[in-house]
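A.B. asks: Residue numbers (our numbering): 864 to 1089.
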């Protein structure tokens, strides 16, 4: 059985590797906001339990056992976020810290019952995939919003590494998962983007904000005849 701290470190390693980054001691310490010395001790414990292996010059990697354990934590976290938003009316920028606490509840029966109650959702309120009970993730063909061309119609599908402050900003601009937008312009000077929603409202996004949004292409609406 893992302690809460061990689970937090394991999930941090998984997140760093999943984002294509490195999971060095310093990377993990920065992500968790703790000291590198304490991370070193914890990673050694996880390695002794067969959950991590050390890759020279790259830091640590998850073993198959470690990845399975990390995905269980991710599954619980994202299911709880979905429950908080869909059933309890939390805003999408209010759920992360609460889900951080709830993800450590150990009952697999509770997790599976929660998933069934929610209709076995494939994605959480931020567009992140929810692992099923076997650790499988649903796949989608997504691309960054900043790569969308002028005139392209897209649907917001995910917010990557979104802080609560970013989610709050997006909410104030009326941008959420499923939002349909048309790219109107890319500004050469600061790489900001001008978009338009289905109601004809113009939305301006900085390059920094747009860089966190991932989208899927949406077919253009058909013009009604007559």
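We put the beta carbon where it would ideally sit given N, CA and C, even for glycine. These numbers come from a predicted model, not from an experiment.
Tell whether a beta-carbon distance below 8 Å holds between residue 988 and residue 923.
C.D. replies: No; because the gap between Cβ atoms is not below 8 Å, this pair is not in contact.
A.B. asks: Is it right to say residue 1006 is buried, meaning 16 or more other beta carbons lie within 10 angstroms of its own, or is it exposed?
C.D. replies: Exposed, since its Cβ has fewer than 16 Cβ neighbours within 10 Å.
A.B. asks: Return the residue from the list 927, 1012 and 1038 that minimises the CA-CA distance to residue 990.
C.D. replies: Of 927, 1012 and 1038, the residue nearest in Cα terms is 1038.
A.B. asks: Hey, quick one: how far does the alpha helix (DSSP H) through residue 1051 stretch, first residue to last?
C.D. replies: Note, residue 1051: premise wrong, no alpha helix (DSSP H); not H, not E.
A.B. asks: Counting only runs of 3+ residues fully inside the stretch 909-953, write out the beta strand (DSSP E) ranges in chain order.
C.D. replies: DSSP runs (the beta strand (DSSP E)) wholly in the stretch 909-953: 915-918 and 922-925.
A.B. asks: If we require 3 or more residues per run, which beta strand (DSSP E) segments fall completely within the stretch 979-1019?
C.D. replies: Segments of the beta strand (DSSP E) lying fully in the stretch 979-1019: there are none.
A.B. asks: Going by DSSP, what residues sit across from residue 1060 in a beta bridge?
C.D. replies: 1044.
A.B. asks: Please classify residue 1087: does DSSP put it in a helix, a strand, or coil?
C.D. replies: At residue 1087 the pLDDT is 49, less than 50, meaning the model places this residue with poor confidence; the figure from the coordinates comes in the next sentence. Of the three classes helix, strand and coil, the one that applies to residue 1087 here is coil, per DSSP.
A.B. asks: Give the secondary structure of residue 969 by DSSP, where H, G and I count as helix, E and B as strand, and everything else as coil.
C.D. replies: In the structure shown, residue 969 sits in coil (DSSP, three-state: anything other than H, G, I, E or B).
A.B. asks: Give a yes or no on whether the C-beta atoms belonging to residue 1008 and residue 1076 are separated by under 8 Å.
C.D. replies: Against a cut-off of 8 Å, the Cβ pair of residue 1076 and residue 1008 comes out as a contact.
A.B. asks: Look at residue 932 and residue 873 and say whether their C-beta atoms are less than 8 Å apart.
C.D. replies: For residue 932 and residue 873, yes; Cβs fall inside 8 Å.
A.B. asks: Determine, using beta carbons only, whether residue 1044 and residue 1060 come nearer to each other than 8 Å.
C.D. replies: Yes; because the gap between Cβ atoms is below 8 Å, this pair is in contact.
A.B. asks: Closer than 7 Å to a non-hydrogen atom of the ligand NAD - does that hold for the CB of residue 979?
C.D. replies: Absence of the ligand NAD is noted for the structure shown, with no ligands found whatsoever.
A.B. asks: Going along the chain, which residues of its own chain have a beta-carbon closer than 7 Å to the beta-carbon of residue 1054, five neighbours each way excluded?
C.D. replies: So the list reads 1070, once near-sequence residues are dropped.
A.B. asks: Specify the secondary structure class of residue 1065 as computed by DSSP and reduced to three states.
C.D. replies: Correct three-state label for residue 1065: strand.
A.B. asks: Write down the C-beta distance between residue 953 and residue 981 rounded to the nearest angstrom, noting that I regard them as a contact closer than 8 Å.
C.D. replies: About 14 Å; that fails the 8 Å criterion.
A.B. asks: Could you tell me the boundaries of the alpha helix (DSSP H) in which residue 895 lies?
C.D. replies: Residue 895 -> alpha helix (DSSP H) spans 888-895.
A.B. asks: Span of the beta strand (DSSP E) holding residue 1076?
C.D. replies: Start and end: 1076-1080.
A.B. asks: Would you mind sorting residue 994 into buried or exposed? The rule is 16 or more other CB atoms within 10 Å of its CB.
C.D. replies: Looking at its Cβ environment, which holds 16 or more other Cβ atoms inside 10 Å, residue 994 is buried.
A.B. asks: Check whether the stretch 891-900 and the stretch 952-972 are in contact - that is, three or more C-beta pairs closer than 8 Å.
C.D. replies: These segments do not touch.
A.B. asks: What are the boundary residues of the alpha helix (DSSP H) that includes residue 865?
C.D. replies: Neither: residue 865 is in no alpha helix (DSSP H) and is coded neither H nor E.
A.B. asks: Going by DSSP in three states, residue 958 sits in which element: helix, strand or coil?
C.D. replies: Reduced to three states, the DSSP call for residue 958 is coil.
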